[in-house]
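All remarks here apply to the structure that follows.
2 protein chains.
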Amino acid sequence: MTAEISGDALRGHLATMLLSALEAGPAHGFDLLKRIEAAGCGLLHLKEGSVYPALYRLEREGLVRAEWESPESERRGPRRRIYRLTRRGRARLAQGREEWSRFVRVVGAIVGA
Amino acid sequence: MTAEISGDALRGHLATMLLSALEAGPAHGFDLLKRIEAAGCGLLHLKEGSVYPALYRLEREGLVRAEWESPESERRGPRRRIYRLTRRGRARLAQGREEWSRFVRVVGAIVGA
DNA sequence: TCCAGTACTTAGTCTGTCTAAATACAAAGA
DNA sequence: TCTTTGTATTTAGACAGACTAAGTACTGGA
Chain A
195 MTAEISGDAL RGHLATMLLS ALEAGPAHGF DLLKRIEAAG CGLLHLKEGS VYPALYRLER
255 EGLVRAEWES PESERRGPRR RIYRLTRRGR ARLAQGREEW SRFVRVVGAI VGA
Chain B
195 MTAEISGDAL RGHLATMLLS ALEAGPAHGF DLLKRIEAAG CGLLHLKEGS VYPALYRLER
255 EGLVRAEWES PESERRGPRR RIYRLTRRGR ARLAQGREEW SRFVRVVGAI VGA
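These protein sequence lines map, in sequence, to chains A and B.
In terms of our numbering, the first sequence opens at residue 195 and continues consecutively.
In terms of our numbering, the second sequence opens at residue 195 and continues consecutively.
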């Protein structure tokens, strides 16, 4: 019954996770969802309702740029929106990583696990 | 401009932090607030409006037991409500620590900081 | 034909932290 | 004396972000 990581715990970290996942290269939302879930060793089940709105926020803040995959593409299937990091997104990712390590250090010191 | 740890990031971890702080011995809310802030190296500024309601939740869940400090005490000043861990609280703390380390491992793997 | 998988959207809910203000007591200083 | 500062608790209301849940749309396989 391996407990899952709850949504509450994730709060405020999802943005950095998405930016980090995008660092490996441009991707569409569903792919990001799968990439992160795969990296989560089955403990992390993100929902579309969290990921897509989070991506919209990132786009609104200019941290990612999005464009619809060219329809001339040879692939079949639903259209996909491709996200890529902007320069500001990279800067924010660096900042997010600092915040993450600070967070782990400080909370870890208190929780003492 | 040392950035502070935001409330969002803390979500879902405060309960474990409080239980952990109580492990050192019974304490009242204000003391817990100060203890945790002190352990936070100035990066963590909890608010009463977060801590007291969190303690009420813990009490409601039977994870801590609370009682008013005996009025016969020789000390002067406002009355204080003393919290102590229950057996269930200790069990939950252990569980919270496992969740914390899982969380750090999984999110850390994605953020890669 | 129906279903499963991919891919995106969005309305509405929930909950925990926050802001902010109030209460109360004591000690120190002007 | 009056004010301020520090200790200590309470609580109403705001807010943000992850959630539930339902929908759209396309493709391929059973």
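Heads up, the beta-carbon is just placed ideally off N, CA and C, and yes, glycines get one too.
For residue j and residue i, believed in contact at Cβ under 8 Å, the rounded distance
{"i": "residue 273 of chain B", "j": "residue 258 of chain B", "result": "Residue 273 of chain B to residue 258 of chain B, Cβ: 18 Å. No contact."}
{"i": "residue 230 of chain B", "j": "residue 230 of chain A", "result": "Residue 230 of chain B to residue 230 of chain A, Cβ: 30 Å. No contact."}
{"i": "residue 275 of chain A", "j": "residue 223 of chain A", "result": "6 Å"}
{"i": "residue 197 of chain B", "j": "residue 293 of chain A", "result": "6 Å"}
{"i": "residue 203 of chain A", "j": "residue 239 of chain B", "result": "The Cβ separation is near 20 Å, so there is no contact."}
{"i": "residue 205 of chain A", "j": "residue 205 of chain B", "result": "4 Å"}
{"i": "residue 301 of chain B", "j": "residue 235 of chain A", "result": "With a Cβ gap of about 11 Å, residue 301 of chain B and residue 235 of chain A do not count as contacting."}
Range covered by the beta strand (DSSP E) that runs through residue i
{"i": "residue 276 of chain B", "result": "275-279"}
{"i": "residue 260 of chain B", "result": "258-262"}
Residue i, enclosing alpha helix (DSSP H) - first and last residue
{"i": "residue 229 of chain B", "result": "223-233"}
{"i": "residue 203 of chain A", "result": "201-204"}
{"i": "residue 247 of chain B", "result": "242-254"}
{"i": "residue 209 of chain B", "result": "208-217"}
Nonlocal neighbours in the same chain, by C-beta distance under 8 Å from residue i, ignoring five residues either side
{"i": "residue 251 of chain A", "result": "209"}
{"i": "residue 226 of chain A", "result": "212, 215, 216, 245, 249, 277"}
{"i": "residue 253 of chain B", "result": "259, 260, 277"}
{"i": "residue 280 of chain B", "result": "256, 257, 258, 259"}
Same chain, Cβ closer than 6 Å to residue i, five either side skipped, listed in chain order
{"i": "residue 283 of chain A", "result": "213, 257, 258"}
{"i": "residue 263 of chain B", "result": "274, 276"}
{"i": "residue 195 of chain B", "result": "Because the pLDDT at residue 195 of chain B is just 47, under 50, the model does not fix this residue reliably, and the point stays unresolved."}
{"i": "residue 271 of chain B", "result": "none"}
{"i": "residue 341 of chain B", "result": "Here chain B covers residues 195 to 307 and nothing more, so residue 341 of chain B does not appear."}
Contacts around residue i, its chain only, beta-carbon distance under 7 Å, and the 5 residues preceding and following it disregarded
{"i": "residue 298 of chain A", "result": "none"}
{"i": "residue 286 of chain B", "result": "213, 257"}
{"i": "residue 289 of chain B", "result": "none"}
{"i": "residue 269 of chain A", "result": "none"}
{"i": "residue 220 of chain B", "result": "276, 277, 278"}
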